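Presented below is the structure to which this report refers.
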Amino acid sequence: MILPDWEELLEWLKAKFWLVLVLLALALGGIHAWVTSPLHPPPGILAPEEPIQGPPVATAAWVFHDHQLVSLATFELHARVLAIERYRFDRAAELSPVDLAMGWGRMSDSSVLDQVKIWQDSRWYYWTTPTFPIPAEEITSHSANMHMIPANPWVKRQLLSLRVGQVVHLRGQLIRAEGRDQWKWASSLSRTDSGDGACEVIWVETMEAP
Numbered sequence: 078m079i080l081p082d083w084e085e086l087l088e089w090l091k092a093k094f095w096l097v098l099v100l101l102a103l104a105l106g107g108i109h110a111w112v113t114s115p116l117h118p119p120p121g122i123l124a125p126e127e128p129i130q131g132p133p134v135a136t137a138a139w140v141f142h143d144h145q146l147v148s149l150a151t152f153e154l155h156a157r158v159l160a161i162e163r164y165r166f167d168r169a170a171e172l173s174p175v176d177l178a179m180g181w182g183r184m185s186d187s188s189v190l191d192q193v194k195i196w197q198d199s200r201w202y203y204w205t206t207p208t209f210p211i212p213a214e215e216i217t218s219h220s221a222n223m224h225m226i227p228a229n230p231w232v233k234r235q236l237l238s239l240r241v242g243q244v245v246h247l248r249g250q251l252i253r254a255e256g257r258d259q260w261k262w263a264s265s266l267s268r269t270d271s272g273d274g275a276c277e278v279i280w281v282e283t284m285e286a287p
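The sequence shown begins at 78 in this note's numbering and counts up by one.
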């Protein structure tokens, strides 16, 4: 009987182990890339409705993650996701793990969006276009960067699983937040403003993304 060379066998097992780990990492990376890759809907307006804003449901503040939140208005939105930026380390990430740039009306139409470059950075939303497929005022009034505060873990999972190009229907409240350190964050109450303070800060209570 020939006894195996245990050192060679051990080296063979180590090589296979690392090969399996590499293949598993590649597979998981491929799955993640596919799950998070943008969707490319055909041309056409996907979200024709204007956002709906109403009076606040209550004036009393509530506490969320050591912040006091106050409702400024009820808010309902049916819109297309134009860009997604997740946050973990900035001050606002204690409340909002993700910003969504959202578009409705002609800003949900792929034939328009194919001509507009959109990106996000540091809680801001930017766009540029060399051709202006629609007027600049319409781009501003029918798209916005929105800071999403999930009201519960289920909504948080939904928000973090979104893909660019999806159409989302959400309901919640535009809010003002204040931390124990006097840090403050207040939502815009207009769809036509731009610049500092123009983003919506949304307490997201329900969300559907077919």
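Using N, Cα and C, we set each Cβ at its ideal position, and we do this for glycine too.
Treat the numbers as computed from the prediction; the structure is a model and nothing was measured.
{"query": "Just to check my reading of the structure: Arg-183 and Ile-122 have Cβ atoms closer than 8 Å, yes? What is that Cβ distance to the nearest angstrom?", "result": "6 Å"}
{"query": "Excluding five sequence neighbours on each side, which residues of the same chain lie with their C-beta closer than 8 Å to the C-beta of His-142?", "result": "Glu-171 and Leu-172"}
{"query": "So, do the region 251-263 and the region 201-218 have three or more beta carbon pairs nearer to each other than 8 Å?", "result": "no"}
{"query": "Within a Cβ cutoff of 8 Å, which residues of the same chain sit near Gln-197, ignoring the five residues on either side of it in sequence?", "result": "Ala-160, Ile-161, Glu-162, Asp-176, Ala-178, Tyr-203 and Asn-222"}
{"query": "Sorted by chain position, which residues of the same chain lie with C-beta nearer than 6 Å to Leu-154's C-beta, five sequence neighbours on each side aside?", "result": "Pro-128 and Leu-247"}
{"query": "Can you have a look at Leu-236 and say buried or exposed, based on whether 16 or more other CB atoms are within 10 angstroms of its CB?", "result": "buried"}
{"query": "Do the CB positions of Cys-276 and Ser-265 come within less than 8 Å of each other?", "result": "yes"}
{"query": "Less than 8 Å separating the beta-carbons of Val-281 and Leu-251?", "result": "no"}
{"query": "Leaving out five residues before and five after Arg-168 in sequence, what residues of the same chain have Cβ atoms less than 7 Å from its Cβ?", "result": "Trp-260"}
{"query": "Could you check whether Pro-133 and Ala-150 sit closer than 8 Å to each other, using their CB atoms as the reference points?", "result": "yes"}
{"query": "Which same chain residues, not among the five before or five after Val-241, have their C-beta less than 8 Å away from its C-beta?", "result": "Pro-115, Leu-116, Val-158, Leu-159, Ala-160 and Ile-161"}
{"query": "Tell me whether Asp-191 is buried or exposed, calling it buried when 16 or more other Cβ atoms sit within 10 Å of its Cβ.", "result": "exposed"}
{"query": "Kindly indicate which three-state DSSP category Ile-108 falls into: helix, strand or coil?", "result": "Any reading at Ile-108 needs caution, since the residue's pLDDT is 44, under 50, leaving its predicted position unreliable; the model's value is listed next. Three-state result, Ile-108: helix."}
{"query": "Check the DSSP bridge columns for Val-175 and list the partner residues they point to.", "result": "Arg-163 and Met-225"}
{"query": "Ala-137: buried (16+ other C-beta within 10 angstroms of its C-beta) or exposed?", "result": "exposed"}
{"query": "Going by DSSP, what residues sit across from Lys-77 in a beta bridge?", "result": "Outside the shown range of the chain (78 to 287) lies residue 77, about which nothing can therefore be said."}
{"query": "Could you work out which residue in Asn-229, Trp-231, Asp-186 and Ser-238 is closest to Ile-216 when comparing CA atoms only?", "result": "Asp-186"}
{"query": "Do you know offhand how far Glu-214's Cα is from Phe-166's?", "result": "33 Å"}
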